[in-house]
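In our numbering, the protein residues as written are 2 to 127. Positions of the beta carbon are idealized from the N, C-alpha and C atoms, including for glycine. Bear in mind that the values here come from a model prediction, so they are computed numbers and not experimental data.
Below you can see the structure in the form of structure tokens.
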């Protein structure tokens with residue numbers, strides 16, 4: 002299984018304007034998290050096993066970090082991965098609830114179909 006880059010995969014599916022915005026947001030959040038932690042690019046690079054130039058590339062928006070590095074950044078700075086992708090925690094909660102509703106609706110549809118089948122079988126037996 003190949004490790005794809007979360008940011009890169011997400012970016013490939015977007016139009017150019019949105020790609021730029023996403024990369025800018027990702028870069029800004031990495032730099033902000035590093036600054037809040039009062040760490041240098043070199044220190045972050047050592048923690049992630051990459052060079053300080055790579056960290057500079059992340060912060061400048063030239064390079065999208067691979068998923069494993071994004072997870073390491075999240076762990077290092079004690080932030081959710083979604084923070085770096087620009088996701089608002091409220092949006093995440095709403096999306097999570099919507100997924101739960103979709104699952105419930107699928108289950109209801111399945112049960113309705115089963116009821117219809119039973120009903121048709123009963124009608125045929127009459």
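_Does chain C have any CB closer than 7 Å to the CB of residue 106?_
You won't find chain C in this structure, because it holds only one protein chain.
*Distance, Cα to Cα, residue 98 vs residue 65?*
29 Å
*Cβ-based burial, residue 74 [other Cβ within 10 Å; buried from 16]*: buried
*Apart from the five residues on each side of it in sequence, which residues of its chain come closer than 7 Å, Cβ to Cβ, to residue 58?*
64
*Would DSSP call residue 68 helix, strand or coil?*
helix
*Compute the distance between the beta-carbons of residue 32 and residue 49, then report whether it is under 7 Å.*
Not closer than 7 Å, so no.
_Residue range of the alpha helix (DSSP H) that includes residue 82_ = 82-85
*Verify whether the separation of the beta carbon atoms of residue 38 and residue 85 is less than 7 Å.*
Cβ atoms of residue 38 and residue 85: not closer than 7 Å.
*Please go through the same chain and pick out, in chain order, the residues whose beta-carbon is closer than 6 Å to the beta-carbon of residue 52, but skip the five residues on each side of it.*
46
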